[in-house]
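J.: Dumping the structure here so I can ask a few things about it.
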Amino acid sequence: MSRRAAVVVAVATALAAGTASRAHVVYGTATLRGLVRETDLVARVRIVDVGGALALQEPIVVAESLEVIKGNAIDGPLRFVQHGHGVPLYTKGQEVALFLQRIERSRELGSLAGQVAWVSIQEGEAWASSPSLVGALRAYAALDRLPPAQQPRALRRLTVELLASSDPRLASEAVRDVALAGTAPIVTAEDLPALEMLLGSAAAPIGVRVALLAELERRGLVEGPAHWAKLIRETPGSDRIGVVRAAGAHASAAVTRELVGLLASDDPVLVAAAAISLGAPGNREAVEPLAKLLASDEERVRLAAIRGLGRIGTPDAQARLAQAAATHPDPATRRRAGAAIARHP
């Protein structure tokens, strides 16, 4: 995964989690789409038992199959072990979706094949069964049964549908797929009407909107500056902080104007976030507004302004830092300004 894709994935999952307090994603793991493709059995189950252990101290989980979504029908209970970091924690009676591989496929656990048939490779929070999740899983499983020539278009349609899902976790998984697809046409210009509507929808998780905009801009499907400026301007409440931080990686004159406007806010957290995001290399228009913040009564605001000026790195920005390092009445501010000059001589 490229660094840019990793950043997009992190932003999407972290911000989307704000709309669903239980959401948890282990970065670098398979998406929901990837889990369906990689595993031999996808099933909706009820957890029967979470006790017991095998010779290698791997805990056994026992489940009753309620519906097989991918794979062959199951006779009797499902017994499986879990493998990976941060595996889901299950409770008796819980209805969840499982993603299982035949244990003989596991390099580490294949020797247990005579004791248990399945291994779960899922990491992160359990996927609690819901109509929206089951519908998505059925659609992913059906997609893989299509002739190869039909799969790309079907995947596009499904991805766009899930991006707009009212389930924030499904939407987050879909935008992770878009980021991880690289240049593959998982979304195209044909999808723009629906995607631009989603970008402007206050009902959509802000993390999904931010990550989707970054991806559409990267793919050359939208002109980013106007969209970023609008998102900064129109996003309310605490979600705006996340947008401001994300916008810092997408510097433009339009974004600078919006961020400078936020410096007059009476919310020091928002002001500090805007000051840091204004710190794009060579962003001369931000030097004077950031320099004024050095007189703020709020320490976090002053330090954010120093960070922004240091990242801008122009001679004018360096001069403002040098002045603060020499004359500012607060010792901590003088030290930080001097350190910023040393980092960006």
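Take numbering that gives the first Met the number 0: the final residue in the sequence shown is number 344, and no numbers are missing along the way.
Ideal placement from N, C-alpha and C gives every residue a C-beta, glycine not left out.
Computed from a predicted model, the values in this text were never measured in an experiment.
Given that a residue counts as buried once 16 or more other Cβ atoms are within 10 Å of its Cβ, and exposed if not, what is SER358?
T.: As shown, the chain starts at 0 and ends at 344. That puts residue 358 outside it, with no answer to give.
J.: Helix, strand or coil for ILE59? Go by DSSP, reduced to three states.
T.: Note: ILE59 maps to strand in three-state DSSP.
J.: In this structure, how does DSSP classify VAL270 when only helix, strand and coil are distinguished?
T.: In this structure, VAL270 counts as helix in the three-state DSSP scheme.
J.: Expressed to the nearest angstrom, what Euclidean distance is found between the alpha-carbon atoms of GLU214 and PRO330?
T.: Rounded to whole angstroms, GLU214 to PRO330 spans 43 Å at the Cα level.
J.: Among ILE46, ASP315, VAL177, ALA303, whose alpha-carbon lies nearest the alpha-carbon of THR332?
T.: The residue with the shortest Cα to Cα distance from THR332 is ALA303.
J.: Runs of 4 residues minimum, wholly inside the segment 265-327: which ones carry the alpha helix (DSSP H) assignment?
T.: Entirely contained in the segment 265-327, the alpha helix (DSSP H) runs reaching 4 residues are, in chain order, 267-276, 286-292, 298-311, 314-326.
J.: Would you kindly work out how many angstroms separate the C-alpha atoms of ILE120 and VAL61, rounded to a whole number?
T.: Computed Cα separation, rounded: 15 Å.
J.: Helix, strand or coil for SER171? Go by DSSP, reduced to three states.
T.: If DSSP states are grouped into helix, strand and coil, SER171 belongs with the helices.
J.: Sort LEU220, ALA273, ARG283, GLU172 by Cα distance to VAL186 and report the nearest one.
T.: Of the candidates LEU220, ALA273, ARG283, GLU172, the one whose C-alpha sits nearest the C-alpha of VAL186 is LEU220.
J.: Could you spell out the range, first to last residue, of the beta strand (DSSP E) harbouring ALA42?
T.: Note, ALA42: beta strand (DSSP E), 40-48.
J.: When the Cα atoms are used, what is the spatial distance from ALA237 to ARG144?
T.: Checking the sequence shown, residue 237 turns out to be Ser, not Ala. Distance between the alpha carbons of SER237 and ARG144: 43 Å.
J.: Would you kindly report the start and end of the unbroken alpha helix (DSSP H) that includes GLU257?
T.: Residues 252-261.
J.: If contact is defined by three or more beta carbon pairs under 8 Å, each pair taking one atom from either stretch, is the segment 64-82 in contact with the segment 147-156?
T.: Because the criterion of three Cβ pairs below 8 Å is not met, the segment 147-156 and the segment 64-82 do not touch.
J.: If we count the other Cβ atoms within 10 Å of its Cβ and call it buried at 16 or more, is GLY307 buried or exposed?
T.: Buried, by the Cβ-count rule.
J.: Could you work out which residue in ASP315, ARG217, THR38, VAL95 is closest to LEU132 when comparing CA atoms only?
T.: Of the candidates ASP315, ARG217, THR38, VAL95, the one whose C-alpha sits nearest the C-alpha of LEU132 is VAL95.
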